[in-house]
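**Q** Got a structure for you, questions after.
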Amino acid sequence: MKRKLPALFAALLLTFTLAGCQQAEEAPSSDPSSVPASESESASAPESSEPSALSEPEKTYTPVLSLDDYPTVDGSTANIPLMALVMERAAGAETAVAESAASASTTAQAWRNLSNGYADLLLVYEAPDSVKEELESGPELEVTAIGRDALVFIVNEQNPVQSLTQDQIRDIYTGAVTNWSELGGEDREIIPFQRNEESGSFTLFKKLLIGGRDLTLLDPPEEYRPTTMGGLVEGLAEYNNDGGAIGYSVYYYINEMYAQPGLRLMAVDGVEPGYDSIAAQEYPLCNEFYVAIRADEPEDSPARQLYNWVLSEDGRQTIIDAGYVPAG
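Those letters in the sequence shown? Residues -19 to -1, 1 to 309, by mature numbering (1 follows the signal peptide of the UniProt record, and there is no 0).
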């Protein structure tokens, strides 16, 4: 390596000599006003969204727990990316380790696991009514809303119907409307996909669209009632050539985790679902998701410490950085 240094110094000396000659020949004016407009503009720093060397350094997060002490975290499928980023920042886990460790038993089972002691903390969507009844006989839970998501409806991107009212959606899923032509679309049978009754998305559907109404939903064949959100999206994608299918999920999952070509989100009551419309609660079918622990967790327990961290400013920023709309 040392043998190359003289050659390097010689090359640098030649470079500086040539540069000096060039400056002497050009002899530019030191008065900025003498530079033509075109040259002045080209000399200005270009606008860029990329961070510069002078931009603020990226925020660092001080772990509050070790990986050995990290509690068992469970929750909803759509919260898996949040589970991973929380572990990365609150426990100092490497990204690959956190992403590998993050998993979910799905909404209903996660609530049961917390109540039964198989999980210590949840990042989770609202529990189904049937599970809420089960939880009443278990230990008291401490639950706080931390984010907001929305129930969204997915259709073929070629479907000419751009928006549905909430009444029209209810008509589809009760069988009162069976053809897209009744909704301003083509003469095509509506194929409504649903989720199982313990899923988080079905819980939102029932809460936000059915409520206390005396309505009976269609009982679809098994192929139209997939057991997972991924299965529902894949099922809809298989109907791309037909274009008559419709299904529902939560916004974060379909937009951030499992988007599929050929599908799009339907506006509801004229409002398209999106981060901004959900944050402003302009989109009509919004609902919160939660962090939860057992209420008897000691103040110094890992679960309580992580719960408090999720509710801190660092936790809120983590929710935002993971792509979710924060609550409040």
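Every residue gets a Cβ at the ideal spot worked out from N, C-alpha and C, and that includes glycine.
From the DSSP output, in three-state form, read off A65 for me.
**A** A65 falls in the helix class under three-state DSSP.
**Q** Leaving out five residues on either side along the sequence, give the residues of the same chain with a beta carbon under 7 Å from the beta carbon of E28.
**A** Note that E28 scores a pLDDT of 42, beneath 50, so its modelled location is shaky and nothing firm can be said.
**Q** Taking only beta-carbon positions, decide if S111 is within less than 8 Å of chain D.
**A** Absent here is chain D; the protein component of the structure consists of one chain.
**Q** Please determine, among T41, A273, D49, S57, the residue with the shortest C-alpha to C-alpha distance to T209.
**A** Of T41, A273, D49, S57, the residue nearest in Cα terms is S57.
**Q** Counting only runs that start and end within the region 214 to 293, where is the beta strand (DSSP E) found for 3 or more residues in a row?
**A** Entirely contained in the region 214 to 293, the beta strand (DSSP E) runs reaching 3 residues are, in chain order, 226 to 231, 244 to 249, 267 to 275.
**Q** With DSSP as the reference, please indicate the residues paired to F134 in a beta bridge.
**A** In the DSSP output, where bridge partners are listed per residue, F134 has Y229, M247.
**Q** Which residues share a DSSP beta bridge with D55?
**A** Note: D55 sits in a beta bridge opposite L103.
**Q** Could you tell me if S10 is buried or exposed, where buried requires 16 or more neighbouring beta carbons within 10 angstroms of its beta carbon?
**A** With a pLDDT of 41 at S10, under the threshold of 50, the predicted position of this residue should be treated as unreliable, and no value is reported.
**Q** Quick one: using the 10 Å Cβ neighbour count with 16 as the cut-off for buried, is T299 buried or exposed?
**A** T299 should be labelled buried.
**Q** Residues in the same chain with beta-carbon distance under 7 Å from G225, minus the five sequence neighbours each way, listed in chain order, please.
**A** W161, R169, E170, I171, I172, listed in sequence order.
**Q** Does the region 274 to 289 come within contact of the region 138 to 154, defined as at least 3 CB pairs closer than 8 Å?
**A** The region 274 to 289 is not in contact with the region 138 to 154.
**Q** By how many angstroms is the C-alpha of M247 removed from the C-alpha of R167?
**A** The sequence given here places Glu at residue 167; Arg does not occur at that position. So the alpha carbons of these two residues sit roughly 16 Å apart.
**Q** With a 10 Å radius around its C-beta and 16 neighbouring C-beta atoms as the bar for buried, classify Y197 as buried or exposed.
**A** According to the sequence as given, residue 197 is Thr; it is not Tyr. With fewer than 16 Cβ atoms within 10 Å of its Cβ, T197 is classed as exposed.
**Q** Could you give the distance in angstroms between the alpha-carbon of E237 and the alpha-carbon of Q286?
**A** Computed Cα separation, rounded: 28 Å.
**Q** Using the Cβ count rule (16 or more neighbours within 10 Å means buried), how would you classify P52?
**A** Buried, because 16 or more other Cβ atoms sit within 10 Å of the Cβ of P52.
**Q** Counting Cβ pairs closer than 8 Å, one from the region 103 to 123 and one from the region 189 to 204, do we hit at least three?
**A** Counting Cβ pairs under 8 Å, fewer than three are found: no touch.
**Q** Are the beta-carbon atoms of Y234 and A79 separated by less than 8 Å?
**A** It is not a contact, given that the beta carbons lie outside the stated cut-off.
**Q** From L190, E294, A284, pick the residue whose C-alpha is nearest to that of V124; which is it?
**A** The residue with the shortest Cα to Cα distance from V124 is A284.
**Q** Tell me whether L196 sits in a helix, a strand or coil according to DSSP, three-state version.
**A** In the structure shown, L196 sits in coil (DSSP, three-state: anything other than H, G, I, E or B).
**Q** Please report the straight-line C-alpha distance between M64 and A303, rounded to a whole angstrom.
**A** Straight-line Cα distance between these residues: approximately 9 Å.
**Q** What residues match up with P307 in a beta bridge as DSSP calls it?
**A** Paired residue(s): G128.
**Q** Can you name, in chain order, every residue of its own chain whose Cβ lies under 6 Å from the Cβ of A72, other than the five neighbours on each side?
**A** So the list reads P44, L46, L48, Y51, once near-sequence residues are dropped.
**Q** Thinking C-alpha only, which one of G181, I191, I135 is nearest A89?
**A** Nearest option by C-alpha distance: G181.
**Q** By the three-class DSSP mapping on this structure, what secondary structure does I191 have?
**A** Here I191 sits in helix by DSSP.
**Q** Exposed or buried, which one is I301 when buried takes at least 16 other CB atoms within 10 Å?
**A** By the neighbour-count rule (16 or more Cβ atoms within 10 Å), I301 is not buried but exposed.
**Q** When the Cα atoms are used, what is the spatial distance from G211 to T41?
**A** Those two C-alpha atoms are separated by around 34 Å.
**Q** Cutting at 7 Å between CB atoms, please list the residues of its own chain near I153, excluding the five before and the five after it.
**A** Cβ neighbours of I153 beyond the five flanking positions: I171, P173, I227.
**Q** Cβ atoms of V252 and Y264: under 8 Å apart, would you say?
**A** Yes, these two residues count as a Cβ contact at 8 Å.
**Q** DSSP three-state call for I171: helix, strand or coil?
**A** In this structure, I171 counts as coil in the three-state DSSP scheme.
**Q** Going by the CB atoms, is the gap between Y232 and I191 shorter than 8 Å?
**A** Not a contact, by the Cβ cut-off of 8 Å.
**Q** Determine the contact status of D55 and N97, defining contact as a CB-CB distance below 8 Å.
**A** Contact flag unset, no.
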